[in-house]
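The block underneath contains the structure these notes are about, expressed in structure tokens.
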Amino acid sequence: MVVVAVKVTDHKKAVTPAIKAGKAVFVEWPLGRGLDETKELAALAKQYGVRAIVGAQATQSPVLRKIAEVIKSGGIGRVLGTSVSGMLPKELGYWGPSITERSTYVADGDSGASLLDVAGGHFFAGLTYLLGDFTSVSATFATLYPTAELIDATYKPTGVQIARVSEDQLAFSGTLASGALVSFHIRSGASIAAPGRAPLVWIIDGEAGTIRVEGDSVLWQVAHPRNVLINGEKWEAEQELVDVTGNLQLAWEEFAKGPEGDYFKLDDAVRVHTLVDAVRRSARDGVRVDIA
């Protein structure tokens, strides 16, 4: 098996020979640099009969699985809508006024590693797992930090400035296939040290109840939300919630079960990349985009 966890700009170059050699493949999200490259890699894997897993770890989260169980059992009734508000701190060193020296490629909106591609894509994987696919989106981007200062490996400022041509805020409204509406807003650049910050607030409203998820990071594929309220009552996980590696381990365990395992496949990556592409086109063209 070949594991690909390099910059997304190098994914195609690394994944293609592995697939052609008939190797099983793990590829960290995003699978490819944009929708076309993602479709190409998915088609290639199908052509060579290769089994592959994409590292969209949010879909394995015990938190997400519990929410899915509540929704499926009718615990909040028919889902009417959902809203997501997320913040990525400047201290992270990616999509705000500071970027690490080894991550300058994220300043390019076409690199495949923008705020939308990475943070958005990871979240979309979990959201659509729970609530189904989108039929339309209307999006807006903002770049409040047209330049960024490079920081070194110890996160100390270097004094070097680079241009940023990538969004540091994204917002959109959308309609799900169920008819429920979605409001989504992620922003970067604020300091995590400010009192009262709420890095993640996610509300799912149903006819008969509500679910509220609060966490210390919008990157909940690697940082489990610890405050989950189901119809006003706090849910306590029965198992230990392990940050960073916990969801990844669960994904590998599912992959080890063979084709019947419940893991994020290349076709799932194409589906989520289709949503990412629709959000980007909507923001750039200033129009609503329908998703077939």
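Heads up: take any position in the sequence shown, counting from 1, add 72, and you land on my numbering.
For glycine and all other residues, C-beta sits at the position ideal for the given N, C-alpha and C.
Since this is a predicted model, take the numbers as computed values, not measurements.
Could you give the first and the last residue of the continuous alpha helix (DSSP H) run that contains residue i?
i, result
"Trp324", "Gly318 to Ala328"
"Phe196", "Gly193 to Leu203"
"Arg236", "Where Arg236 is concerned, there is no enclosing alpha helix (DSSP H), given that its DSSP letter is neither H nor E."
"Ile91", "His83 to Lys92"
"Leu113", "Leu107 to Gln119"
"Ser260", "Premise fails: Ser260 lies in the beta strand (DSSP E), Leu253 to Ser260, not in any alpha helix (DSSP H)."
Can you name, in chain order, every residue of its own chain whose Cβ lies under 7 Å from the Cβ of residue i, other than the five neighbours on each side?
i, result
"Asp362", "Thr207 and Ser208"
"Leu291", "Ala191 and His194"
"Thr346", "Leu107 and Ile363"
"Ala350", "Val209, Val361 and Ile363"
"Ala86", "Val76 and Val78"
"Asp180", "Val237 and Ser238"
Taking the C-alpha atoms as reference points, what is the distance between residue i and residue j?
i, j, result
"Pro89", "Thr215", "37 Å"
"Ile148", "Ala140", "11 Å"
"Ala280", "Ala249", "20 Å"
"Gln241", "Arg269", "17 Å"
"Thr200", "Glu239", "22 Å"
"Phe336", "Phe196", "12 Å"
"Arg150", "Met159", "28 Å"
"Arg259", "Arg298", "21 Å"
"Ala323", "Trp101", "13 Å"
"Gly278", "Glu173", "45 Å"
"Pro369", "Ala115", "Outside the modelled stretch of the chain, which goes from 73 to 364, sits residue 369, for which no answer is possible."
"Ile275", "Lys92", "43 Å"
"Gly330", "Phe98", "14 Å"
"Ile264", "Val285", "18 Å"
"Val342", "Val254", "21 Å"
"Val178", "Leu187", "8 Å"
Terminal residues of the continuous beta strand (DSSP E) containing residue i?
i, result
"Gly278", "Leu272 to Gly278"
"Ile302", "Asn299 to Ile302"
Among the options, whose alpha-carbon lies nearest the alpha-carbon of residue i?
i, options, result
"Trp167", "Val294, Gly121, Ala185 and Thr154", "Ala185"
"Gly94", "Lys118, Asp205, Glu305 and Val285", "Lys118"
"Pro169", "Tyr217, Thr110, Ala252 and Val348", "Tyr217"
"Gly204", "Asp340, Arg352 and Arg356", "Asp340"
"Val122", "Ser155, Val359, Met73 and Gly246", "Met73"
"Asp315", "Ala328, Val142 and Ser289", "Ser289"
Could you pull out every residue in the same chain whose Cβ sits closer than 6 Å to the Cβ of residue i, ignoring the five residues on either side in sequence?
i, result
"His257", "Ser157 and Ala243"
"Phe213", "Glu239, Leu242 and Ala355"
Around the C-beta of residue i, are 16 or more other C-beta atoms found within 10 angstroms, so that it is buried, or is it exposed?
i, result
"Gly127", "buried"
"Thr226", "exposed"
"Ile125", "buried"
"Ile171", "buried"
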